[in-house]
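The numbering of the sequence shown is this note's numbering, which starts it at 53 and goes up by one. C-beta: ideal position from N, C-alpha, C; glycine also.
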Amino acid sequence: MYNVSSSPHVKAKMTTGSIMRDVIIAMIPTSAFGIYNYTNLFGIKYGIHSALLILITVISCVAAEYIYTTITDQKITIFDLSAVVTGMILALNLPCTFPYWKAALGGAFAIIIVKQLFGGLGQNFMNPALGARCFLVLSFAGDMTAFYPKDVKGIDAATSATPLTALKNAGESSASLIDMFIGNHAGTIGETSIVALLIGAAYLVIRKIIDVRIPLTYIAVFAVCIMLFNQSSDPVFLAKQLCGGGLIFGAFFMATDYVTSPITKGGRYIYGICLGLLTAIFRTFGANAEGVSFAIIFCNLLVPLIEKYTIPRAFGIVKQKGGR
């Protein structure tokens, strides 16, 4: 009898630790740019604050995993680096003004509630970092949308809107397309620079860590749906929708999570289609300008159903009447 460990299952010399290490490396460009960006926009104080937020969420995730596995007498798993990845993803989903203690609380929630209580790595039904982000949005909505520091002069209601929020409310973003592509605007720490995100995404593709079926299908379907729902044929509007918010970050770094995404090729296309459709619906008809996190979480819940109907039937197995 064979003992099969929980996902992610990898081939060749790849291990969970090596995969997580590559994901960490891929997030370094957007992390570094986020720290630089907020130093440039608001001063060194908020550049340091951004760096410390990343450090604090990583420490809280690793500490929560170590404490939980120790108390419950389980194998210590902090060395597989999955908790570090969760902490980084969560931090990169936070604004540069977010309080430290709330970030630490979010890290503990991600590991203990979303991950460990459901069995640990490979058993969680949703991405832990996104589960924690939604918890923080529901618990501290004001802090999660405070993209501009209150102590920075010259910021009013009009200039404090993120480009995506301005695009939804006024039909025109508060930043130029080139600034949105480079990342010279406010948002969460890790979502602003498309250039930095694409560098990290390219690294993951080259290293064969992610399958491009999910992100490319996601982005393509979103592009079609956002234009249809808004009855627009303006390529600049489309480009700003693609560059604004967390679409690129979500598509390459969160939707591709091994544990919470389909393992079948067909399932990955269906998953990407659902993600693109839901994100476009949330952005167009929802109360908020963004919808990536909730779309990914909702589709995480659909993964078992998607896999049920896309896993190839074993050769020689005939489906009996009544579905048995």
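If the five residues before and after residue 72 are omitted, its C-beta is found closer than 8 Å to the C-beta atoms of 132, 133, 134, 136 and 137, all from its own chain and listed in chain order. Restricting attention to alpha helix (DSSP H) runs no shorter than 4 residues, the segment 132–160 encloses them at 134–144 and 152–160, ordered along the chain.
Using a 10 angstroms sphere on the CB of residue 172, the tally of other CB atoms reaches 16 or more, which defines it as buried. Per the DSSP secondary-structure output, residue 240 pairs in a beta bridge with 147.
The beta carbon of residue 264 sits closer than 8 Å to the beta carbons of 257 from its chain, once the five residues preceding and following it are set aside; these are given in chain order.
Taking all protein chains shown into account, residue 224 has fewer than 16 neighbouring C-beta atoms within 10 Å of its C-beta and is therefore exposed. Rounded to the nearest whole angstrom, the CA to CA distance from residue 355 to residue 218 is 33 Å. When rounded, the separation of the alpha-carbon atoms in residue 204 and residue 95 is 9 Å. Within its own chain, the residues whose Cβ lies closer than 8 Å to the Cβ of residue 267, once the five positions on either side in sequence are excluded, are 253, 303, 304, 307, 308 and 324, listed in chain order. Nearest C-alpha to residue 69 among 175, 130, 91 and 97: 130. Boundaries for residue 245: no alpha helix (DSSP H) harbours it, and the DSSP string shows neither H nor E there. By the CB criterion at 8 Å, residue 116 and residue 77 fall outside the cutoff. No residue range can be given for residue 170, since it is assigned to no alpha helix (DSSP H) and is classified by DSSP as neither H nor E.
Separation of the CB atoms of residue 241 and residue 102 is rounded to 5 Å, and the pair is thereby assigned contact status at 8 Å. Setting aside the 5 residues that flank it on each side, residue 341 is surrounded in the same chain by 216, 217 and 220, each with a C-beta closer than 6 Å to its C-beta; the list follows chain order. For residue 293, the enclosing alpha helix (DSSP H) covers residues 287–295. In this model, residue 126 and residue 360 are separated by some 31 Å (Cα to Cα). Residues of the same chain with a CB within less than 6 Å of the CB of residue 160, apart from the 5 flanking positions on each side, are 112 and 116 in chain order. Residue state for residue 200 is assigned as coil, using DSSP reduced to three classes. Ranked by Cα distance from residue 317, the first of 262, 330 and 329 is 262. Secondary structure remark: continuous alpha helix (DSSP H) runs of at least 4 residues inside the segment 59–106, in chain order: 68–94. Restricting attention to 363, 154 and 296, the CA atom closest to the CA of residue 232 is found in 296.
Residue 227 is classed as buried because its beta carbon has at least 16 other beta carbons within 10 Å across all chains shown.
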